[in-house]
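Below you'll find the structure, written out as structure tokens, and then a few comments.
Numbering (my numbering), first residue to last: 227 to 1123.
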């Protein structure tokens, strides 16, 4: 995107006296009131000049600065901005990202696409955000964080409703800095820079004060379009009718600007840092040294630890300060203190949204922070545990962290600590296996970290113990690992293309409509689209309806039903021509059972959430006729007692006859009323959300067909539970007639067992246990005898040409014999004479050549092998209809070993 001067040639800049200049360092264009200024304000071009010299008239806390910003926009006389409470950091309204990285994520894609109106216009909010890509730099550079609050004031400009754009937005930023924070106007710089992300793009300016970037003001008016006329870094965009003002002010940056401390951590985590230092062997380091590290780190891009530390060493030596091993160790401890302060706040935000640590998706990111925190706690000798530190942090940041579920957090930390300790205890031999010729390549280090859970310091220590060398790990080690994990993977399937025909869904009018008439608006290759249909298409975990159409007195079966846009496509076993008038009949039994299972899924989910806790979310679902399954987030294995209790609670809700109600609600109204639980089953792409509510139990967005009352479910039987992966439990169940059939099947099995064992029902389990124990005992006796027989066979070979030959008859445990012979590494031939054939086993490093010789020799004697198999140093030869094995023995004598 090429910037033209007129892009920001706005009234505010002209009226205020701002000048457009080009940076002598990076060549970027910027706006300033300072006629002497030659650089753009970016720290890489001019470094920090605010540390120890704050341009803000007083020091602010996090809560004070947040309130100052929000009140400024709420009470503005021109545009009173509506305050929007923060969204969760886990964006369940999106399926393309794992964490909220910026405030605009709250409104993508529904609002920014123009599909859904914003919750206010204009708005102001403070959105906690998490970015893990800078994890390697946290604690080191003085400024990097994994979690931060993005203050924003956003406006959404429609073609028929303009709010404000560049002029007003930039003026707002100037007014807030100069009027509220009383920053000298000559210290403010606006640097032009294009912005793109999340499928959108636009012009933008970055706002700097004394080298510190405090805000980015984005003017989003482009969307990704392969046919677009604007290109930004290889991606084409086109202009969109909705123009969005997307601003992002760094709350922590503004607090740091006001405090002017040597690092951002000292400005926002001062109490936490003191708590950690007072209870560990970490110490504070001279402010001038820490300020120097922050200033150097801001200039060196990309970050290099070696370059930074070389500059620090020069600085300390110039100031007659000792740069030695003790300083390096104390700097490491202090950086770990800074990281702990940062990581624990991020974890609190994750735990408030019930993220369960695992090795996949957002769970992996949480586990990464937890294990780093354990390591840092151990390194600095912190006298308390991680749980205590999290509790302290919540006390500091409870104004922005929505909930602190003490039991959930305690359980998670206990489980993760046990796993972390187990990993560390078994690390030496695992790391040793990856070291070849004193080398441990980067891909092996990453595999040890990702697949085996070994952290980079542990790997380095073990590598040094084994080789005596120092392991070089890149400064961006965690970025290499995490960059592919911060992005959600939206599954895509190959889409067929059909005409844009809107089909009226009769199943939403009334689920009891099972017969209907309709017009065929499209027909091609046994696929038809109708003006209306009662057939439910596959979606939301619910399978499609089956049934048939009547056309010209002929029955034509429906094989599949799918939805493409607004079109509902029926896949048939025969063609029906366009413009036909036909009758459709839905399979009642299938539809009714699927409705039962769908409503039972909602009931079971609501009951399990109330039973296990609010950390339970739907992770996956599949309804079917005979049984259904529901995957939930839960960090413990579901016990038999849990199953019984859950079934009892479900039965009570069924017995109470809870109403099941379906409503269509506007997007923002539904969010206000039900919260983000609406998106348990997926994210609808529509202006409204179809909400299914089970009275007093559950409300969620759903496009499926449902019963009217829980009493129609009759009863639920959980068939089995299993751990699908860490943090995910799968519950397979049946309800209604399917549950009855399952219980009847179990009854028949029990009756058959009872008759076979000739015992009462309550003694079947004991009798089965007795039989199994007897079988195990018999098997052990058999195995012992087999080993003894095998031993006797092995000890009595016939030696022919230095080959051990075993001529045996009808030996059944041949695998045991062959396995034992392989262990001896002795060239052997086993001839096993069976009733109708002889099988020859050749065990040798030269098995292939010996076999070839033997085949040639026995062929000369008129014997043709039926089958020869060669694998892993063993050859197996099958010979049929041979009564005398002397011919084989004579042939073996002629084989050269």
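For glycine and all other residues, C-beta sits at the position ideal for the given N, C-alpha and C.
If contacts are defined as beta-carbon pairs under 8 Å, then residue 891 and residue 915 qualify, I think. What distance do you get, rounded to the angstrom? Walking along the chain shown from the start, residue 891 turns up at place 665. Walking along the chain shown from the start, residue 915 turns up at place 689. Contact flag correct, Cβ pair sits at about 6 Å.
contact_flag[the stretch 601-620, the stretch 505-513] where n(CB pairs < 8 Å) is 3 or more: yes
Output yes or no for whether 8 Å exceeds the beta carbon distance between residue 787 and residue 770. Here residue 787 refers to the residue found at position 561 when the chain shown is read from its first residue. Here residue 770 refers to the residue found at position 544 when the chain shown is read from its first residue. Their beta carbons are under 8 Å apart, which means residue 787 touches residue 770 by this criterion.
Other residues of its chain near residue 377: CB distance less than 6 Å, five sequence neighbours each side excluded: In the chain shown, residue 377 corresponds to position 151, counting from 1. So the list reads 295, 352, 475 and 477, once near-sequence residues are dropped.
For a minimum of 3 consecutive residues, which ranges assigned as the beta strand (DSSP E) are wholly contained in the stretch 292-375? 349-356
Could you name each continuous alpha helix (DSSP H) segment of 4 residues or more that falls completely within the stretch 674-757, going from the start of the chain to the end? 682-693, 703-708 and 732-735
For the alpha helix (DSSP H) that residue 394 lies in, which residues bound it at each end? Looking up residue 394 in the chain shown gives position 168. That run of the alpha helix (DSSP H) goes 392-401.
I'd like the ranges of any alpha helix (DSSP H) spanning at least 4 consecutive residues and lying wholly in the stretch 568-629. 587-606 and 612-623
If you draw a straight line from the alpha carbon of residue 760 to that of residue 730, how long is it in whole angstroms? For the purposes of this step, residue 760 is taken as the residue at position 534 of the chain shown. For the purposes of this step, residue 730 is taken as the residue at position 504 of the chain shown. Roughly 9 Å separates the two Cα atoms.
Please list, in chain order, all residues of the same chain as residue 777 whose beta carbon is under 7 Å from its beta carbon, the five residues on each side excluded. Working through the chain shown from its first residue, we reach residue 777 at position 551. Once the five neighbours on either side are set aside, the close Cβ partners of residue 777 are 802, 806 and 808.
In angstroms, rounded to a whole number, what distance separates the CA positions of residue 228 and residue 373? The residue you call residue 228 lines up with position 2 of the chain shown. The residue you call residue 373 lines up with position 147 of the chain shown. Only weak support is given to the placement of residue 228: the predicted model assigns it a pLDDT of 48, under 50, and the value that follows is read from those uncertain coordinates. Taking the straight line from one Cα to the other gives about 33 Å.
Counting pairs of beta carbons, one from the stretch 1053-1066 and one from the stretch 1033-1041, are three or more of them closer than 8 Å? yes
So, helix, strand or coil for residue 378, using DSSP? Reading the chain shown from its first residue, position 152 is the one you call residue 378. Three-state result, residue 378: strand.
Out of 290, 245 and 439, which has the shortest C-alpha to C-alpha gap to residue 271? Position 45 of the chain shown, counted from the first residue, corresponds to residue 271. When each option's Cα is compared against that of residue 271, the closest is 439.
Output the distance between the C-alpha atoms of residue 277 and residue 512, rounded to the nearest integer angstrom. One-based indexing of the chain shown puts residue 277 at position 51. One-based indexing of the chain shown puts residue 512 at position 286. Approximately 14 Å between the Cα atoms of the pair.
For residue 814, which option in 741, 852, 790 and 758 has the closest C-alpha, if you only look at C-alpha atoms? For the purposes of this step, residue 814 is taken as the residue at position 588 of the chain shown. Measuring from the Cα of residue 814, the nearest candidate turns out to be 741.
Bridge partner(s) assigned by DSSP for residue 956: As a working mapping, residue 956 is identified with position 730 in the chain shown. Answer is 857 and 948.
Tell me whether residue 715 is buried or exposed, calling it buried when 16 or more other Cβ atoms sit within 10 Å of its Cβ. Against the chain shown, residue 715 aligns to sequence position 489. Because residue 715 sits at a pLDDT of 48, beneath the cut-off of 50, its placement in the model cannot be relied upon, and the point is left open.
Report yes if the CB atom of residue 959 is closer than 8 Å to the CB atom of residue 854, and no otherwise. As a position in the chain shown, residue 959 is number 733, starting the count at 1. As a position in the chain shown, residue 854 is number 628, starting the count at 1. Yes, these two residues count as a Cβ contact at 8 Å.
Supposed close pair residue 789, residue 765 - CB separation, criterion 8 Å: On the chain shown, residue 789 is found 563 positions in, with the first residue counted as 1. On the chain shown, residue 765 is found 539 positions in, with the first residue counted as 1. That pair is a contact at about 6 Å.
Is residue 798 closer than 8 Å to residue 752 when the C-beta atoms are compared? Mapped onto the chain shown, residue 752 falls at position 526. Mapped onto the chain shown, residue 798 falls at position 572. Cβ distance < 8 Å, so residue 752 and residue 798 count as in contact.
Spatial distance of residue 965 from residue 940 (CA atoms): What you label residue 965 is simply residue 739 of the chain shown in a count that begins at 1. What you label residue 940 is simply residue 714 of the chain shown in a count that begins at 1. Each residue's alpha carbon lies about 9 Å from the other.
What is the rounded straight-line gap between the Cα of residue 569 and the Cα of residue 596? Against the chain shown, residue 569 aligns to sequence position 343. Against the chain shown, residue 596 aligns to sequence position 370. Roughly 8 Å between the two C-alpha positions.
Helix, strand or coil at residue 1079 [DSSP, three-state]: The residue labelled residue 1079 in the question sits at position 853 within the chain shown. Residue 1079: helix per DSSP, three-state reduction.
Proximity below 8 Å, CB of residue 859 to CB of residue 845: Here residue 859 refers to the residue found at position 633 of the chain shown. Here residue 845 refers to the residue found at position 619 of the chain shown. Result yes, Cβ atoms of residue 859 and residue 845 sit closer than 8 Å.
Near residue 779, what residues of its chain come up, given a Cβ to Cβ distance below 6 Å and the 5 sequence neighbours on each side ignored? As a first step, residue 779 must be located in the chain shown, where it is residue number 553. Excluding positions up to five away in sequence, the list is empty.
Can you give, in chain order, each stretch of the beta strand (DSSP E) that sits fully within the stretch 454-488 and has at least 3 residues? 456-458 and 461-476
Could you check what DSSP says for residue 845 in three-state terms: helix, strand or coil? In the chain shown, counting from the first residue as 1, residue 845 sits at position 619. In this structure, residue 845 counts as strand in the three-state DSSP scheme.
Pairing CB atoms from the stretch 932-951 with CB atoms from the stretch 864-873, are three or more of them under 8 Å? yes
Give me whichever residues DSSP pairs with residue 1093 in a beta bridge. As a working note, residue 1093 is residue 867 in the chain shown. Answer by DSSP bridge pairing, in chain order: 1104.
Only counting the same chain, and skipping five residues up and downstream in sequence, which positions put a Cβ closer than 6 Å to that of residue 434? As a first step, residue 434 is located in the chain shown; it is residue number 208 there, counting from the start. Counting only Cβ-Cβ distances below 6 Å, and skipping sequence neighbours, we find 267 and 415.
Span of the beta strand (DSSP E) holding residue 1030? Locating residue 1030 in the chain shown gives position 804, where the first residue counts as 1. Looking at the DSSP string, the run of the beta strand (DSSP E) that includes residue 1030 is 1029-1035.
If the criterion is Cβ atoms closer than 8 Å, does the pair residue 847 and residue 827 meet it? Residue 847 sits at position 621 when you count from the first residue of the chain shown. Residue 827 sits at position 601 when you count from the first residue of the chain shown. Yes.
Going by the DSSP bridge assignment, what does residue 893 pair with across the sheet? Position 667 of the chain shown, counted from the start, is the residue given in the question as residue 893. Bridge partners of residue 893: none, in fact.
Cut-off 7 Å between Cβ atoms - residues of its own chain near residue 719, not counting five sequence neighbours on either side: As a first step, residue 719 must be located in the chain shown, where it is residue number 493. Here the model assigns residue 719 a pLDDT of 48, short of 50, so the residue's position is not dependable, and the following value carries that caveat. Excluding sequence neighbours, residue 719 sits near nothing in its chain.
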